[in-house]
Amino acid sequence: GESVGLHLPTLSVQEGDNSIINCAYSNSASDYFIWYKQESGKGPQFIIDIRSNMDKRQGQRVTVLLNKTVKHLSLQIAATQPGDSAVYFCAEGGGSGGYNKLIFGAGTRLAVHP
Amino acid sequence: DAGVTQSPTHLIKTRGQQVTLRCSPKSGHDTVSWYQQALGQGPQFIFQYYEEEERQRGNFPDRFSGHQFPNYSSELNVNALLLGDSALYLCASSLGTGFTFGSGTRLTVV
Chain P
1 GESVGLHLPT LSVQEGDNSI INCAYSNSAS DYFIWYKQES GKGPQFIIDI
51 RSNMDKRQGQ RVTVLLNKTV KHLSLQIAAT QPGDSAVYFC AEGGGSGGYN
101 KLIFGAGTRL AVHP
Chain X
115 DAGVTQSPTH LIKTRGQQVT LRCSPKSGHD TVSWYQQALG QGPQFIFQYY
165 EEEERQRGNF PDRFSGHQFP NYSSELNVNA LLLGDSALYL CASSLGTGFT
215 FGSGTRLTVV
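These protein sequence lines map, in sequence, to chains P and X.
For the first sequence, this note's numbering assigns the number 1 to the initial residue and increments by one for each residue that follows.
For the second sequence, this note's numbering assigns the number 115 to the initial residue and increments by one for each residue that follows.
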């Protein structure tokens, strides 16, 4: 069946370090992947997305890597700041679900320590 | 530019009651999706509305229903509330791909 999961439920990093959040997906037909950040009391906020015809995409301080061979997605945050503390979700679109719905993983909590 | 607006922000209901949640999409968006997010979990897709019709539905019982109005705003209705319906209900609007989420309605069923 379809599922999007995360390897690590909690990640603690020091301010200024780089963070890497990982995600595995099981539906090889999915072709659109998104990372969201969710702060307490707020809805998910779009960070970056990538389509399956790419293996890397960069944004401001963030990079998403897609490895279709092993169905793995990662989010790299450079020079992590206290404001990056939140829960991060990967989500999957396309595939049998089409582009009308997103399938979310359980989330990884990122804690940034000064 | 207002983003996605949801109301109310918090709600407490008794088991067996009915509830209506409301969502105003981001300006320019014509599609509204609803998600349920249980504590400590990722959002789960309930359904999506486009052109005032339910376009796709997730694995939720018929107690969950919705509506989209001509101005693209939407309502989520849940009948015969169960304790397990306690969750954060998120509305996401879109125009094509690219979803913008609201801050959600926190529903507590007691």
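Virtual Cβ for every residue (Gly too), placed ideally from N, Cα, C.
All figures in this text were calculated on a predicted structure; none of them were measured in a lab.
With G156 of chain X and K140 of chain X assumed to form a contact (beta carbons below 8 Å), what rounded beta-carbon distance in angstroms separates them? Going by Cβ atoms, the distance from G156 of chain X to K140 of chain X rounds to 22 Å, so no, they are not a contact pair.
Could one say the Cβ of R169 of chain X lies closer than 8 Å to chain P's Cβ atoms, at least one of them? yes
By alpha-carbon positions, which one of P:G41, P:Y32, P:L11 ends up nearest to N100 of chain P? P:Y32
With DSSP collapsed to three states, give me the class of G180 of chain X. strand
For F89 of chain P, go through chain X and note every residue whose CB falls closer than 7 Å to its CB, in chain order. G156
Just list the beta strand (DSSP E) runs in the stretch 31–95 of chain P, keeping only unbroken ones of 3 residues or longer that don't cross its boundaries, in chain order. 45–51, 56–58, 62–67, 72–77, 86–94
Apart from the five residues on each side of it in sequence, which residues of its chain come closer than 6 Å, Cβ to Cβ, to N191 of chain X? T134, S179
If distances are taken between C-alpha atoms only, which option among X:V223, X:H143, X:G218 comes closest to G43 of chain P? X:G218
What is the DSSP secondary structure of L102 of chain P, counted as helix, strand or coil? coil
What residue from P:E92, P:N18, P:Y36 has the CA that sits closest to T108 of chain P's CA? P:Y36
On the DSSP bridge assignment, give the partners of R171 of chain X in chain order. X:F161
Cβ of G98 of chain P less than 8 Å from any chain X Cβ? yes
Let me check one thing: in DSSP terms, what residues is Y203 of chain X bridge-paired to? X:Q150, X:T219
Compare the Cα-Cα distances from N185 of chain X to each of X:L202, X:N193, X:N173, X:E166 and report the closest residue. X:E166
Sequence-distant residues of its chain with Cβ nearer than 6 Å to Y164 of chain X (five each side left out): T145
Is it buried or exposed for I20 of chain P, if we count other Cβ within 10 angstroms and need 16 for buried? exposed
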